[in-house]
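For the sequence shown, position 27 (counting from the first letter as 1) is numbered 184 according to this note's numbering, and the numbering increases by one without interruption.
Report on the following structure.
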Amino acid sequence: MLDFTWRVFSSTGNIDTYLLFKEIQKENMETPDDSQDEELKDFNLPVS
Numbered sequence: 158m159l160d161f162t163w164r165v166f167s168s169t170g171n172i173d174t175y176l177l178f179k180e181i182q183k184e185n186m187e188t189p190d191d192s193q194d195e196e197l198k199d200f201n202l203p204v205s
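The following block contains the structure:
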């Protein structure tokens with residue numbers, strides 16, 4: 158989504174699109190990345 162928003166801003170120069178880009182970027186920085194947790198839960202590791 159971030160790449161798409163940047164491409165739209167780059168081609169149009171629309172300031173609202175840029176502000177949306179920055180908002181999404183900020184949310185991505187604040188929200189922890191759960192993709193690594195999803196990958197790790199597939200491993201069957203013994204718990205001590």
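Ideal Cβ positions, reconstructed from N, Cα and C, are used throughout, including at glycine.
- Just how far apart, CA to CA, sit K179 and S168? 16 Å
- Leaving out five residues on either side along the sequence, give the residues of the same chain with a beta carbon under 6 Å from the beta carbon of W163. F178
- Query: Roughly how many angstroms separate the alpha carbons of G170 and M186, rounded to a whole number?
  - Reply: 24 Å
- Query: Leaving out the 5 sequence neighbours to the left and right, which residues in its chain are closer than 8 Å to Y175 when beta-carbon positions are compared?
  - Reply: F166
- Task: To the nearest angstrom, report how far apart D173 and E184 are at their CA atoms.
- Result: 17 Å
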